[in-house]
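Numbering (our numbering), first residue to last: 1412 to 1624. A virtual CB, placed ideally from N, CA and C, is assigned to each residue, including glycine. Here the structure is a predicted model, which means the values were calculated and not measured.
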Amino acid sequence: HRNNILKKEINQKKKKEQLLIWDPRLIERGSFLILTRIKFIKKINRLAHKFHQKITKEKENIELAYQSNILKDQEENISSINKEFKDKLEEHREKEIEQRATLLGPHRDDFSVSINGFNIASYGSQGQQRTAVLSLKLSELELIKEREGVYPIFFLDDVMSELDEDRRHFLLGLIIDKKVQAFITSINLDYFNSNIKEKSRIFKIEEGKIINL
């Protein structure tokens, strides 16, 4: 609704008056979402660091950073976030009216992933990017287990071809050890050792038909 106000063909004074009514709602809900994201990133970082160290044999460090357009320092204090949000909205009031859009808030935020201090989107190899995604997915598994008490179903689509033997071994061993139900697609069965094959049901899709091997 706030964006609708900004887009309305009404005079600036009336527009500002209406924004002052809606701003407290945006600040309250937006600040809660920002704080929730900060806490989530902190938890993911802790787990991802552990998994990534194991997968890469301590050669790489992974770090997630929450990129907020509101906060200077990411402190876990809702009152401080509320105040910074309010100050930022007031500071950008004229610009928002001019551009007819909400320019600040959690909908404009992002996060970055770095390996050994380098942004993976810009400098990471395909293998590093795959490994980073794997570390994050394994972290999500653990977070869901902490919250729900059980592991979710794990889907891996043709990941094995882009991991070296050591990383494949680590991943498959973890799935077996933690008794995670997983669906894994691959074009090469040689990526899976006999232990994995014995504990799995294997299907082949050929000419649109599913064949139980």
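CA nearest to the CA of residue i, picked from the options
i	options	result
T1596	L1552, S1533, R1612 and K1506	R1612
F1565	E1576, N1422 and E1553	E1553
D1520	Q1464, G1441 and V1544	G1441
T1542	E1471, K1419 and Q1485	E1471
K1530	H1503, K1424, I1473 and Y1562	Before going further, note that residue 1530 is Asn rather than Lys in the sequence given. N1530 has its Cα closest to that of I1473, out of H1503, K1424, I1473 and Y1562.
S1605	L1583, H1460 and E1428	L1583
N1599	K1608, V1591, L1624 and S1572	S1572
S1550	H1412, I1452 and D1568	I1452
S1579	D1484, K1454, K1450 and T1467	Looking at the sequence itself, residue 1579 is Arg, so the reference to Ser does not match. When each option's Cα is compared against that of R1579, the closest is T1467.
T1478	V1570, F1522 and Y1602	Per the sequence presented here, residue 1478 reads as Gln, with Thr not at that position. Checking every option, the nearest Cα to that of Q1478 belongs to F1522.
K1548	V1570, R1413 and E1507	V1570
V1524	E1509, H1463 and Q1485	H1463
Q1539	Y1602, E1557 and L1574	L1574
Proximal residues to residue i (C-beta, below 6 Å), its chain only, five neighbours per side dropped
i	result
I1586	A1593
Q1429	I1416
A1476	S1523
Residues that DSSP places opposite residue i in a beta bridge
i	result
F1566	F1594
Same chain only: Cβ atoms within 7 Å of residue i, ignoring 5 sequence neighbours per side
i	result
E1507	L1417, T1513 and L1514
> Below 8 Å, can you find three or more Cβ-Cβ pairs linking the segment 1529-1539 to the segment 1509-1519?
Replying inline: Contact fails: fewer than three Cβ-Cβ distances are below 8 Å.
> Can we say the segment 1446-1455 touches the segment 1421-1435, given the rule of at least three CB pairs closer than 8 Å?
Replying inline: Pairwise C-beta distances place the segment 1446-1455 out of contact with the segment 1421-1435, as fewer than three of them are shorter than 8 Å.
> Would you say the segment 1429-1440 touches the segment 1457-1464, given that touching needs at least three Cβ pairs under 8 Å?
Replying inline: Contact fails: fewer than three Cβ-Cβ distances are below 8 Å.
>> Restricting to runs no shorter than 3 residues, where is the beta strand (DSSP E) found entirely within the segment 1439-1499?
In response: Here the runs fully enclosed are 1473-1478.
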